[in-house]
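In terms of numbering that gives the first Met the number 0, the sequence shown has 240 at position 241, counting the first letter as 1, and numbering is strictly consecutive.
Beta carbons are placed, not taken as given, at the ideal position from N, Cα and C, and that holds for glycine.
Let me begin by presenting the structure, written as structure tokens, before commenting on it.
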Amino acid sequence: MALFRRFGLFALTNIAVIFTIGLILRLTGLDVYLAKSGVPYATTLLFAAIWGMGGAFISLLLSKFMVKASMGVQVIDPRNASGWQRDLLTRVQRLASAAGLPMPEVGYYESPEINAFATGPSRSSALVAVSTGLLNGMDSEELDGVLGHELSHVANGDMVTMTLVQGVINSFVIFFSWIVSKVIVSQLNRNDDRGSSGGFFMEFMIRQLLMVVFGLLGSIVVAYVSRAREYRADAGGAKLAGRSSMIAALERLKVAFSRDPIDQRGETIAALKISNRAGGLASLFATHPPLEERIAALRAKAY
């Protein structure tokens with residue numbers, strides 16, 4: 000049933016994407032221009048929506064598998080767990096119950112970086128993983144804060160939300176890259192007496208360049224939404240584990256990030272982690288707000 004609801008959600012989002020782009024074309028008069036230019040914008044729009052949302056949906060379905068493979072995550076078997084593994088499972092179970100969640104898969108991965116992440120296609124099929132650096136570098140209170148934060152991401156449905164946002168951005172990038180590249184080549188051909196100034200290769204190269212440019216602009220939007228979700232997950236972690244635990248965890252991360260190495264394997268899943276590092280112009284593309292701002296936001300809240 001949950002899978003059918005998820006398919007329905009993606010279908011409705013696809014319809015919304017098609018409607019929104021169609022409305023933009025109508026309001027700007029571009030639909031008439033494209034029709035006169037012989038550009039098949041209606042077909043391109045449908046293709047972009049299906050391809051953009053479909054790719055994001057497939058990524059969501061494969062998220063646990065891909066993360067396990069890329070980070071070498073070892074899933075803890077509850078039947079054979081003992082010592083620190085049993086303690087970790089017990090903590091996750093307690094916090095998951097408090098959040099009204101079924102028990103997720105719990106794992107760990109070898110890395111000196113102090114970090115953790117949550118992923119999965121749904122609330123009932125999630126994975127929470129922590130690094131060995133986090134297990135060795137955080138005390139009990141800080142660990143609860145991190146786990147509370149990650150389980151809040153699961154409870155809030157952030158994996159699905161970010162997938163939908165990424166899918167919408169993908170659709171816009173694909174559509175406008177195709178349309179603008181066709182218009183540019185069409186104009187070049189029209190201005191050339193021989194009508195041969197632009198061919199398939201030129202259109203392909205222009206399209207690839209536009210996809211990079213539009214993709215960068217779109218990633219700013221995705222990063223902005225991600226940062227907003229981080230504040231919400233911090234607040235959720237504070238409610239589950241206690242505000243002092245959540246602040247202590249972020250304070251510990253702040254210290255670690257000033258001196259500890261970055262795990263380069265995690266660049267592709269930076270948005271899933273409890274924090275990452277970015278400054279200056281790169282902050283526009285950062286998936287997480289600065290730790291100082293997150294700590295200040297928690298201290299300003301009343302629980």
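Just the Cα atoms here: how many angstroms apart are residue i and residue j?
| i | j | result |
| --- | --- | --- |
| residue 132 | residue 113 | 5 Å |
| residue 211 | residue 175 | 12 Å |
| residue 45 | residue 154 | 32 Å |
| residue 285 | residue 228 | 12 Å |
| residue 80 | residue 104 | 13 Å |
| residue 140 | residue 254 | 16 Å |
| residue 198 | residue 47 | 22 Å |
| residue 159 | residue 243 | 29 Å |
| residue 61 | residue 121 | 12 Å |
| residue 251 | residue 258 | 11 Å |
| residue 57 | residue 63 | 11 Å |
| residue 316 | residue 55 | Because the chain spans 0 through 302 in this model, residue 316 falls outside it and cannot be assessed. |
| residue 108 | residue 282 | 27 Å |
| residue 111 | residue 73 | 16 Å |
| residue 0 | residue 123 | Confidence is the limiting factor: at residue 0 the pLDDT is only 47, short of 50, which leaves the residue's position unreliable, though a coordinate-based value still follows. Their backbone Cα atoms lie some 12 Å apart in a straight line. |
| residue 215 | residue 94 | 37 Å |
| residue 173 | residue 180 | 11 Å |
| residue 137 | residue 49 | 44 Å |
| residue 219 | residue 78 | 44 Å |
| residue 222 | residue 142 | 26 Å |
| residue 188 | residue 177 | 17 Å |
| residue 217 | residue 20 | 15 Å |
| residue 96 | residue 238 | 13 Å |
| residue 150 | residue 293 | 17 Å |
| residue 182 | residue 167 | 23 Å |
Tell me, which residues are paired with residue i by DSSP?
| i | result |
| --- | --- |
| residue 118 | 126 |
| residue 147 | In the DSSP output, where bridge partners are listed per residue, residue 147 has none listed. |
| residue 167 | Beta-bridge pairing links residue 167 to no other residue. |
| residue 106 | 74 and 128 |
Return the Cβ separation of residue i and residue j in integer angstroms, given the expectation that the two are a contact with Cβ distance under 8 Å.
| i | j | result |
| --- | --- | --- |
| residue 66 | residue 161 | Residue 66 to residue 161, Cβ: 14 Å. No contact. |
| residue 184 | residue 204 | Between residue 204 and residue 184 the Cβ distance is about 10 Å, and since that is not below 8 Å, they are no contact. |
| residue 52 | residue 170 | 6 Å |
| residue 115 | residue 128 | 7 Å |
| residue 148 | residue 232 | 5 Å |
| residue 146 | residue 240 | 7 Å |
| residue 236 | residue 106 | Wrong, their Cβ atoms sit about 19 Å apart, outside the cutoff. |
| residue 226 | residue 152 | Going by Cβ atoms, the distance from residue 226 to residue 152 rounds to 13 Å, so no, they are not a contact pair. |
Within 10 angstroms of its Cβ, does residue i collect 16 or more other Cβ (buried), or is it exposed?
| i | result |
| --- | --- |
| residue 83 | exposed |
| residue 101 | exposed |
| residue 89 | exposed |
| residue 91 | buried |
| residue 300 | exposed |
| residue 22 | exposed |
| residue 126 | buried |
| residue 298 | exposed |
| residue 157 | buried |
| residue 295 | exposed |
| residue 207 | exposed |
| residue 26 | exposed |
| residue 186 | exposed |
| residue 75 | buried |
| residue 290 | buried |
| residue 43 | buried |
| residue 164 | buried |
| residue 119 | buried |
Report yes or no: is there a C-beta of chain C within less than 8 Å of the C-beta of residue i?
| i | result |
| --- | --- |
| residue 138 | The chain inventory of the structure shown lacks chain C, comprising one protein chain alone. |
Which parts of the region 169 to 248 are runs of the alpha helix (DSSP H), unbroken and 4 residues or longer, counting only runs that do not cross its ends?
199 to 240
Continuous beta strand (DSSP E) assignments of at least 3 residues falling wholly in the region 41 to 72:
none
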